[in-house]
Amino acid sequence: MAQEKNIFDPEIVLPKLKNLKDRILDILSAKKKLLFGVILIAVVLSILGSNFLRQNPSGGKSAAKTVSSNIGKSFDFPALNNSGKLAGNNKIRLTIASAEKTNQVLVNDKVYTAKNNKLFLIVNLEFKNDISQPLNILPGDLIRLSYNGDESNKFAPDLHNNLVPVAAISTKLDRVGFVITENAKDFKLYIGELEGKKEVIQIAFPS
Numbered sequence: 005m006a007q008e009k010n011i012f013d014p015e016i017v018l019p020k021l022k023n024l025k026d027r028i029l030d031i032l033s034a035k036k037k038l039l040f041g042v043i044l045i046a047v048v049l050s051i052l053g054s055n056f057l058r059q060n061p062s063g064g065k066s067a068a069k070t071v072s073s074n075i076g077k078s079f080d081f082p083a084l085n086n087s088g089k090l091a092g093n094n095k096i097r098l099t100i101a102s103a104e105k106t107n108q109v110l111v112n113d114k115v116y117t118a119k120n121n122k123l124f125l126i127v128n129l130e131f132k133n134d135i136s137q138p139l140n141i142l143p144g145d146l147i148r149l150s151y152n153g154d155e156s157n158k159f160a161p162d163l164h165n166n167l168v169p170v171a172a173i174s175t176k177l178d179r180v181g182f183v184i185t186e187n188a189k190d191f192k193l194y195i196g197e198l199e200g201k202k203e204v205i206q207i208a209f210p211s
């Protein structure tokens, strides 16, 4: 019968110890690589996060640069029906509430930023209907703009609603907007019907 080997025989123990050593080294190497990878990812995320916060303090949207001027002047205009024709002798009171010079404008829930050395001039309006039936008004036909002292060129609004409905016995807020050059100044609004006399309003923005 063959002699049974002792479990402490070097021929048996040494190879097992070598295999165990190799496995331990492999495990330690893998853990080192994993730890290095985690540290590297943390460093990269830290750098990217720092840059993001520095460059996008408002969630990626730059703040609008706006200056305002209060106006508060009112005018009465003939009201229109749903077909754009005169609605009898009824009137709508149009109030030029204020004006804003800004580099951003919100249209249909989208923010548009002026480019190529342009800005927006926004005129905020109020329409008041005092009678018990709905009426309409066309603000785009009633307001014109000049600037830089050039009264020979009067600009129609670039941004405006067409026929604006005003509910019975109510006040409605609206606006019109003009695209202007960045260095434009000396703004004047001309308020009146297309074929009628115009009232002139000078807009004074703070410097």
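Read in order, the letters of the sequence shown correspond to residues 5 to 211 in the numbering used here.
Backbone N, C-alpha and C define an ideal beta-carbon position, used for all residues, glycine too.
Every value quoted in this text rests on a predicted model; they were computed, and no experiment measured them.
- In the same chain as residue 192, and ignoring 5 residues on each side of it, the C-beta atoms closer than 6 angstroms to its own belong to 150, 204, 206, in chain order.
- Secondary structure of residue 210 (DSSP, three-state): coil.
- Annotation for residue 92: the continuous beta strand (DSSP E) segment containing it runs 90-106.
- According to the DSSP assignment, residue 122 belongs to the beta strand (DSSP E) that extends over 122-133.
- Taking the Cα positions, residue 211 is about 11 angstroms away from residue 72.
- Residue 80 sits in a strand when the DSSP states are folded into three classes.
- Leaving aside the five residues that flank residue 94 on each side, the residues in its chain whose CB is nearer than 7 angstroms to its CB run, in chain order, 83, 135, 139.
- Assigned with DSSP and collapsed to three states, residue 161 falls in coil, not helix or strand.
- As a beta-bridge residue in DSSP terms, residue 176 pairs with 131.
- Exclusion of the five residues before and after residue 97 leaves 78, 80, 132 as the residues of its chain whose Cβ lies within less than 6 angstroms of its Cβ.
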